[in-house]
Amino acid sequence: MRTLKPQTIKDLSEKCRSERMRKVESCPLRNERGIAFVIAMIMLLVLTLIGVGSVGMTTFENNIAGNERVYNLSFYTADGGIENFRGRISGGEFIYTAKNTGSLDEINIGGNTCKISYAKTASSGGAGGSLAIFKVTSEGRAPFPSQGKVVVESILEAPMHTPEGYN
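In this text, residue positions in the sequence shown follow the numbering used here: the first is 45, and each later residue adds one.
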């Protein structure tokens, strides 16, 4: 094996360095050094903008879903109020004691509240007997996370017979 003298190593490194410099200077892509970095930064910027847009859109969708939830709670509470009134008139006694217009005490349904008002619009006699006709308005309110209110109106007919046990 042949050993090189320090002076020879120095000469070789200078020679290699000068050859590399000539090759780089003669290369047409010499002025485009760092373009990979610029492209990577542009791609990173694009991906960041897509991410920020997605987060904003997700927040908007969550707000819509929350509003829909409050609306549904209010609606089903109001519908529960109508069913509560239907249960009261099916017994028969309420029909005879009810005023022509009135309201019931506020009803609490699953943490939500419901106000019921009614108007006894008419009584009619048909082939099946006489009926009392009520126009019922039920206002359901869901307080959490924001106030939601839905009003449901219904026309209910109830037979005007006295059930057994109500003499």
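For each residue, glycine too, the CB sits at the ideal point set by N, CA and C.
Alpha-carbon to alpha-carbon, residue j and residue i
i: residue 197; j: residue 121; result: 13 Å
i: residue 127; j: residue 113; result: 21 Å
i: residue 165; j: residue 97; result: 56 Å
i: residue 204; j: residue 179; result: 16 Å
i: residue 146; j: residue 125; result: 14 Å
i: residue 194; j: residue 141; result: 28 Å
i: residue 79; j: residue 95; result: 24 Å
i: residue 159; j: residue 144; result: 17 Å
i: residue 183; j: residue 111; result: 17 Å
i: residue 188; j: residue 105; result: 18 Å
i: residue 153; j: residue 118; result: 10 Å
i: residue 88; j: residue 108; result: 31 Å
i: residue 138; j: residue 175; result: 13 Å
i: residue 148; j: residue 167; result: 21 Å
i: residue 123; j: residue 155; result: 15 Å
i: residue 150; j: residue 163; result: 17 Å
i: residue 77; j: residue 91; result: 24 Å
i: residue 199; j: residue 161; result: 12 Å
i: residue 83; j: residue 93; result: 15 Å
i: residue 73; j: residue 81; result: Only weak support is given to the placement of residue 73: the predicted model assigns it a pLDDT of 49, under 50, and the value that follows is read from those uncertain coordinates. Distance between the alpha carbons of residue 73 and residue 81 is about 15 Å.
Cross-strand partners of residue i (DSSP beta bridge)
i: residue 201; result: 177
i: residue 132; result: Answer by DSSP bridge pairing: none, since residue 132 is not bridged.
i: residue 152; result: 157
Of the residues the options, the one placed nearest residue i, counting alpha carbons only
i: residue 213; options: 109, 157 and 150; result: Past the boundaries of the shown model lies residue 213; the chain is included only from 45 to 211, so the question cannot be answered.
i: residue 191; options: 152, 115 and 106; result: 115
i: residue 177; options: 202, 155 and 161; result: 202
Any non-hydrogen atom of the ligand SAM closer than 6 Å to residue i Cβ
i: residue 183; result: Of ligands this structure carries none, so the ligand SAM is not represented either.
Interface flag, residue i vs chain B, CB-CB below 7 Å
i: residue 157; result: This model lacks chain B altogether, as it is built from one protein chain only.
| request: Spell out a yes or no on whether the segment 129-139 and the segment 88-105 are touching, meaning 3 or more CB-CB pairs, one atom from each, closer than 8 Å. | output: no
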